[in-house]
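Please read the structure below before turning to the comments.
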Amino acid sequence: MLARSAALRELGLPPAASGDEAKAAFRRLALKLHPDKNPAPDANERFQALAHAFESVMRADDRTAEAEAVLSDPLAEVFGANWARGFADGSLDPHAALQRARERAMAEEAAGDPLADAAAAMGLDLGAEELRAMLEAMPSDLRGGDGLDGLEGLDASAAAGLPEITPEMLADGGNPFKAFFDAMPEAQRGPMMALFEKTFPAFLANELEEQQLDAENELFALALRQNKLPAAAAAVEEERRELAEEFNAAAIDAFERGRYQAAAEALGEAIALDPSNAAFYGNRSLAYERAARYEEALADAESCVRCDPTYAPGYERKARALLGCADYKGAEAACRRGLLVDAEHAGLQRAFEEARAAAAAHKLEIVRAGSDVLGLSPEDYLGGRAAGVKHGDGAVGLLQ
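The UniProt record's numbering puts the first residue of the sequence shown at 1, with every later residue one more than the last.
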């Protein structure tokens with residue numbers, strides 16, 4: 001593929017031309033250069049070159065759109081515009097910003113506290129003080145705290161050299177981000193700061209999501225220990241149950257033949273007859289997942305574990321569906337919860353390893369996306385430490 005600017009030149013356009021301008025230019029030139037219209041001996045080669053240039057522009061635009069989606073900043077509304085740059089250059093105190101965000105969240109608790117809601121759904125009767133005490137007893141990288149304490153252990157090493165936040169760096173209330181950039185060679189500081197501004201919001205959003213999911217799993221573990229989880233739904237009468245099992249058997253037969261839609265339809269009949277059977281929802285979730293209908297697979301997996309919160313295969317089904325939805329942290333959390341129910345469940349163990357690998361790959365994708373959008377190579381922001389780091393093939397190696 002040609003670089004976008006070179007491809008635009010082939011189309012007779014300036015480097016800043018839009019995708020729509022490229023489409024219009026291609027249509028115009030195609031009418032002129034197509035071998036059916038152009039009698040020149042090299043008409044075929046010229047048309048192929050034109051088509052190649054147009055494809056290069058479209059692919060570059062697709063990559064840019066994908067990169068911008070990966071790099072979206074869900075925290076801008078909380079911290080304000082350009083907050084990551086402020087953390088890095090010292091114009092914004094990260095401790096104060098996080099404290100303001102925490103105060104804002106507390107002020108909005110009247111609209112609903114997600115952890116309190118999760119606790120109630122698990123049969124736990126915990127007041128605000130009890131919830132706070134439970135969170136305080138969790139590892140510090142999960143419970144949050146004052147200032148940046150809740151970010152200890154943030155895996156920023158995956159961000160191709162961005163600073164790892166340690167308890168020592170946070171102890172004096174300083175700004176570890178600014179300290180990192182101040183110590184960087186001047187030639188690399190600008191490119192690295194630009195990469196940090198582009199990528200760190202996505203890293204932090206992932207970390208905060210993981211903390212929330214881990215806190216909910218702590219609640220689940222407590223409910224499991226105290227035997228407070230909602231009881232499985234009551235079984236239906238025997239005649240309906242037997243007929244439902246016949247539909248389930250038909251679904252299994254269809255599934256083994258690769259007829260996933262037929263399997264899902266048969267399981268729909270089984271569920272209508274016996275909505276108390278968690279396995280039916282889990283089986284239909286699997287059929288939908290194999291058919292790449294991940295949202296439907298997720299909905300059924302959630303119904304499965306609501307029906308019976310101690311049904312370990314339901315959490316594997318949920319993890320697989322979340323992997324299909326590219327929610328890797330959610331998939332990890334689902335596996336962790338299922339392993340609380342059955343630590344030896346082989347399917348959950350495999351899914352957990354797959355989710356961890358996918359989450360790690362996603363971190364590297366954030367770096368690659370940031371580099372692509374900024375037009376940076378590892379040498380720009382890592383200098384001599386860039387050995388083994390590649391972005392062109394979508395892979396980012398380890399730093400030496």
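Ideal placement from N, C-alpha and C gives every residue a C-beta, glycine not left out. This structure is a prediction, so every number in the text was calculated from the model and none was measured.
| Item | Value |
| --- | --- |
| Local conformation of Tyr311 per DSSP, three classes | coil |
| Buried/exposed call for Leu183, threshold 16 Cβ in 10 Å | The sequence given here has Ala at residue 183, not Leu. Exposed, because fewer than 16 other Cβ atoms sit within 10 Å of the Cβ of Ala183. |
| Stretch pair the stretch 236–249 + the stretch 269–287: three plus CB contacts closer than 8 Å | yes |
| Rounded separation between Leu374 and Pro201 - CA only | 15 Å |
| Sub-8 Å separation of Tyr311 and Cys304 beta-carbons | yes |
| Three CB pairs or more closer than 8 Å across the stretch 112–131 and the stretch 213–232 | yes |
| Whole-angstrom distance between Arg189 and Ser371, CA atom to CA atom | 14 Å |
| For Asp274, three-class secondary structure by DSSP | coil |
| Under the three-state DSSP convention, the category Ala183 falls into | coil |
| Minimum length 4: unbroken alpha helix (DSSP H) runs contained in the stretch 69–136 | 76–79, 83–89, 94–107 and 114–121 |
| Limits of the unbroken alpha helix (DSSP H) element including Ser371 | Ala346 to Leu374 |
| Helix, strand or coil at Ser56 according to DSSP, with G and I counted as helix | helix |
| Segment contact flag, the stretch 11–27 with the stretch 37–49, C-beta cutoff 8 Å, min 3 pairs | no |
| Classification of Gln261 by the beta-carbon crowding that lies within 10 angstroms, buried from 16 upward | exposed |
| Of the listed residues His362, Asp36, Arg9 and Glu207, nearest to Pro74 (C-alpha basis) | Glu207 |
| Buried or exposed (CB count within 10 angstroms, at least 16 for buried), Gly12 | exposed |
| Distance CB(Ala251)-CB(Ala235) smaller than 8 Å | no |
| Rounded Cβ spacing between Lys318 and Ala359 (contact assumed at less than 8 Å) | That pair is no contact at about 16 Å. |
| For Leu376, the nearest candidate out of Arg257, Leu195, His362 and Glu55 (CA to CA) | Leu195 |
| For Ala297 and Ala321, believed in contact at Cβ under 8 Å, the rounded distance | 4 Å |
| Span of the alpha helix (DSSP H) around Lys37 | Premise fails: Lys37 is in no alpha helix (DSSP H) and is neither H nor E. |
| Contact under 8 Å by Cβ, Leu213 with Ala326 | no |
| Residue span of the alpha helix (DSSP H) that contains Arg337, given as start and end | Tyr328 to Val341 |
| Candidates Arg241, Ala292, Ser18 and Glu289: closest to Glu269 by CA position | Arg241 |
| From Glu289, Tyr288, Ala120 and Phe79, residue whose alpha carbon lies closest to that of Ala205 | Phe79 |
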